[in-house]
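Note that the protein sequences, when read in sequence, are chains A and B.
In terms of my numbering, the first sequence opens at residue 5 and continues consecutively.
In terms of my numbering, the second sequence opens at residue 18 and continues consecutively.
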Amino acid sequence: MKYTFNFRDIWAQTDFILEGIGVTLLLSSATMVAGLAIGILGAAARVYGPGWLRGLVAGYVEVIRNTPLIVQLFLVFFGLPSAGIRLDALTASLIALAINLGAYAIEILRAGLEAIPRTQIEAGHCLGLSGPQVFRHVVLFPAIRTIYPALTSQFVLLMLATSVVSQISAPDLFHVASIIQSRTFRDFEIYAVVSVIYLALALAFKLGFALLHRLAFGRR
Amino acid sequence: MIREFALIDVYYLLLAARWTLALTALAFVGGGLLGLVVALLRVSPFAPLRAIGAGYVNLVQGIPLLGWLFVFFFGLPIVAGVQVSAWIAATVAFSFYAAAFLGEIWRGCLQAIPRQQWEAGASLGLGFGEQLRHVIVPQAVRVAIPPTVGFLVQLIKNTSLGAVIGFVELTREGQLTNAATYRPFTVYIVVAVIYFAMCFPLTQLSRRLERRLRVAR
């Protein structure tokens, strides 16, 4: 091993790296919100909806879960323009990631909804709660509590997976890494540094989700 | 020079899917062997070994696969002193990656076996290794098959990221075909359909095995 490591050129790019971290955080958070929304609506449709809607949602989930994210991303970014829909890289990334996460969130939330006993829903109605109130307090909240660990680990995986958007030049942390690589030719060093940053972000998200869990479900 | 997207392109994409499957198979074998070690470390009665296993899993699962691919692609030459091919870098990176997930899945399966089974083995005078081999593993294997098949689907999909270090598999072939024909929508739909054709049967198989296991219990 005669290689001399050189991290100095990379520290010189700190501001640029911070920008990339910002985009990754923003993109991940926006995707989580959108994915959760798709997940809740989709799971409700999958469990309580009419037959045709259940089939439609099930089809969406299967198609997304059995194809790679990068191909979905390429379809949205490179494929949609031929249908007349032109999107910038960041918007296309958000759409592809949300569609992807939504499918996983539906599967996870569906398990949560199915775990709520029918009698509990009937009890809610007997107490005079309206349909939306029953859904919110009797179904959704306990369901999310049940599947919280699965959902949040999916969110962390999603945050790591956002690195794929660098392949369509969305300016996230991983794309910043490839630009710094071409500026400094410090291939190994930059990817090692960026990997450690992702590791720290993953830990931060896990901690954040644990705190959120305590806030939302702690005293009960 | 832009040419028309023709049936021959579909044929080439299908041929490229072989390399997706080959990479998946290599990573599964490499990841399986290392994953077994990880799972055993995680259930070891010796705390430092458990910590090493847990540390490995957290490290691998906390870094994007793209990061691992590039670290190995650029890092292996530093360690080995020679340029490595995309084949070697991808196989090594995907094996280390798969090992963390398979190790975690198999740890869960080993721990799903009731503690009394270990104790029964111990009371028969079996050591840790013997308990594992004769009592725990034979039962755990049955539990392990459905999630392992499920992970295989993840692995097939994730090999698509091998494309970014120039490994020519299905996704990379799709990029090359797109560059020649400029029919991105058609090309990537065909690519997606081929992935679906590989993954969906496995997803169904995993589900059916799981259902059968639940009935058997």
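No residue lacks a Cβ here, since even glycine has one placed at the ideal position from N, Cα and C.
Under 9 Å by beta carbon: chain A residues contacting residue i
{"i": "B:Ser140", "result": "Within chain A, no residue comes near B:Ser140; the closest Cβ sits about 35 Å away, beyond 9 Å."}
{"i": "B:Cys126", "result": "Within chain A, no residue comes near B:Cys126; the closest Cβ sits about 17 Å away, beyond 9 Å."}
{"i": "B:Thr188", "result": "Pro72, Ile74, Val75 and Phe78"}
Contacts of residue i in chain B (Cβ-Cβ under 8 Å)
{"i": "A:Tyr7", "result": "Ile95"}
{"i": "A:Tyr202", "result": "Gly79, Ile80, Pro81 and Gly84"}
{"i": "A:Gly83", "result": "Pro201, Phe202, Tyr205 and Ile206"}
{"i": "A:Leu45", "result": "Those within 8 Å of A:Leu45 in chain B number zero; the least Cβ separation is about 23 Å."}
Partners in chain B for residue i, counting only beta-carbon separations shorter than 7 Å
{"i": "A:Ser86", "result": "Pro201 and Phe202"}
{"i": "A:Val65", "result": "Ordered by position in chain B, no residue passes the 7 Å Cβ test against A:Val65, which lies about 10 Å from the chain."}
{"i": "A:Ala206", "result": "Gly79"}
Where residue i meets chain A, residues with beta-carbon distance less than 7 Å
{"i": "B:Ser177", "result": "Pro72, Ile74 and Val75"}
{"i": "B:Ala27", "result": "Note that residue 27 of chain B is Val in the sequence shown here, rather than Ala. In chain order: nothing, as chain A lies at least about 15 Å away."}
{"i": "B:Tyr73", "result": "What B:Tyr73 touches in chain A: nothing, since even the nearest Cβ is about 13 Å away."}
{"i": "B:Leu83", "result": "Ser167, Val168 and Phe178"}
{"i": "B:Val109", "result": "The contacting residues do not exist; B:Val109 stays about 14 Å from chain A at best."}
Helix, strand or coil at residue i [DSSP, three-state]
{"i": "B:Tyr199", "result": "coil"}
{"i": "A:Leu60", "result": "helix"}
{"i": "A:Asn70", "result": "coil"}
{"i": "A:Phe192", "result": "helix"}
{"i": "B:Glu186", "result": "coil"}
{"i": "A:Tyr7", "result": "coil"}
{"i": "A:Pro54", "result": "coil"}
{"i": "A:Pro146", "result": "helix"}
{"i": "A:Leu203", "result": "helix"}
{"i": "B:Asp26", "result": "helix"}
{"i": "A:Asp176", "result": "coil"}
{"i": "B:Ser112", "result": "helix"}
{"i": "A:Glu111", "result": "helix"}
{"i": "A:Leu91", "result": "coil"}
{"i": "A:Pro121", "result": "coil"}
{"i": "B:Leu141", "result": "coil"}
{"i": "B:Phe45", "result": "helix"}
{"i": "B:Phe63", "result": "coil"}
{"i": "B:Val101", "result": "coil"}
{"i": "A:Gln17", "result": "coil"}
Among the options, the one whose alpha carbon lies nearest that of residue i
{"i": "B:Arg150", "options": "B:Leu82, B:Gly179, B:Ala107 and B:Trp135", "result": "B:Trp135"}
{"i": "B:Gly48", "options": "B:Ala64, B:Phe63, B:Thr108 and B:Leu57", "result": "B:Thr108"}
{"i": "B:Glu121", "options": "B:Arg20, B:Ala110 and B:Pro164", "result": "B:Pro164"}
{"i": "B:Leu6", "options": "A:Leu205, A:Arg218 and A:Phe221", "result": "Limits of chain B in this structure are 18 at one end and 234 at the other, which puts residue 6 of chain B out of reach."}
{"i": "B:Ala56", "options": "B:Val46, B:Val74, B:Ala44 and B:Ala39", "result": "B:Val74"}
{"i": "B:Ala39", "options": "B:Phe89, B:Pro81 and B:Ile105", "result": "B:Ile105"}
{"i": "A:Phe213", "options": "A:Gly116, A:Pro54, A:Gln171 and A:Ser157", "result": "A:Ser157"}
{"i": "B:Gln128", "options": "B:Ala139, B:Ala161, B:Ser112 and B:Ser140", "result": "B:Ala161"}
{"i": "A:Pro146", "options": "A:Thr35, A:Phe81, A:Gly222 and A:Val168", "result": "A:Gly222"}
{"i": "A:Ser182", "options": "B:Phe168, B:Gly98, B:Leu83 and B:Arg229", "result": "B:Leu83"}
{"i": "B:Ile130", "options": "B:Tyr114, B:Leu93, B:Gln148 and B:Arg35", "result": "B:Gln148"}
{"i": "B:Gln78", "options": "A:Thr188, A:Leu162 and A:Gln17", "result": "A:Leu162"}
{"i": "A:Val168", "options": "A:Ala154, A:Tyr7, A:Arg114 and A:Asn104", "result": "A:Asn104"}
{"i": "A:His179", "options": "A:Phe9, A:Glu23 and A:Asn10", "result": "A:Glu23"}
{"i": "B:Leu219", "options": "B:Gly70, B:Gln171, B:Ile69 and B:Pro81", "result": "B:Gln171"}
{"i": "A:Leu211", "options": "A:Tyr108, A:Phe159, A:Gly55 and A:Leu30", "result": "A:Phe159"}
{"i": "A:Val27", "options": "A:Ala100, A:Leu94, A:Ile110 and A:Glu118", "result": "A:Leu94"}
{"i": "B:Pro201", "options": "A:Leu79, A:Arg122, A:Leu101 and A:Ile110", "result": "A:Leu79"}
Interface partners of residue i on chain A, CB under 8 Å
{"i": "B:Phe91", "result": "Asp191, Phe192 and Tyr195"}
{"i": "B:Val88", "result": "Phe192, Tyr195, Ala196 and Ser199"}
Check: residue i C-beta below 8 Å from any heavy atom of the ligand MN
{"i": "B:Trp123", "result": "By its list of ligands, the structure shown contains no ligand whatsoever, and the ligand MN lies outside what it can speak to."}
Closer than 8 Å at the beta carbon, the chain E residues around residue i
{"i": "A:Gln171", "result": "Given the protein chain composition of this structure (A and B), no chain E is represented."}
Chain B residues whose Cβ lies nearer than 9 Å to that of residue i
{"i": "A:Gly26", "result": "Simply none; closest approach about 17 Å."}
{"i": "A:Phe221", "result": "Within 9 Å Cβ-Cβ: nothing; A:Phe221 doesn't reach chain B, min ~24 Å."}
{"i": "A:Leu164", "result": "Gln78, Gly79, Ile80, Pro81, Leu82, Leu83 and Gly84"}
**Prompt:** If contact means a Cβ-Cβ distance below 8 Å, which residues of the region 95-107 of chain A contact chain B?
**Reply:** none
**Message:** Can you pull out the residues from the region 206-224 of chain B whose beta carbon lies closer than 8 Å to at least one beta carbon of chain A?
**Reply:** From the region 206-224 of chain B, only Ile206, Val208, Ala209, Tyr212, Phe213, Cys216, Phe217 and Thr220 have a Cβ closer than 8 Å to chain A.
**Request:** Pull out every residue of the region 149-170 of chain B whose Cβ sits closer than 8 Å to any Cβ of chain A, in chain order.
**Result:** Val170
**Asked** In the region 111-125 of chain A, which residues sit with their C-beta less than 7 Å from some C-beta in chain B, listed in chain order?
**Response** none
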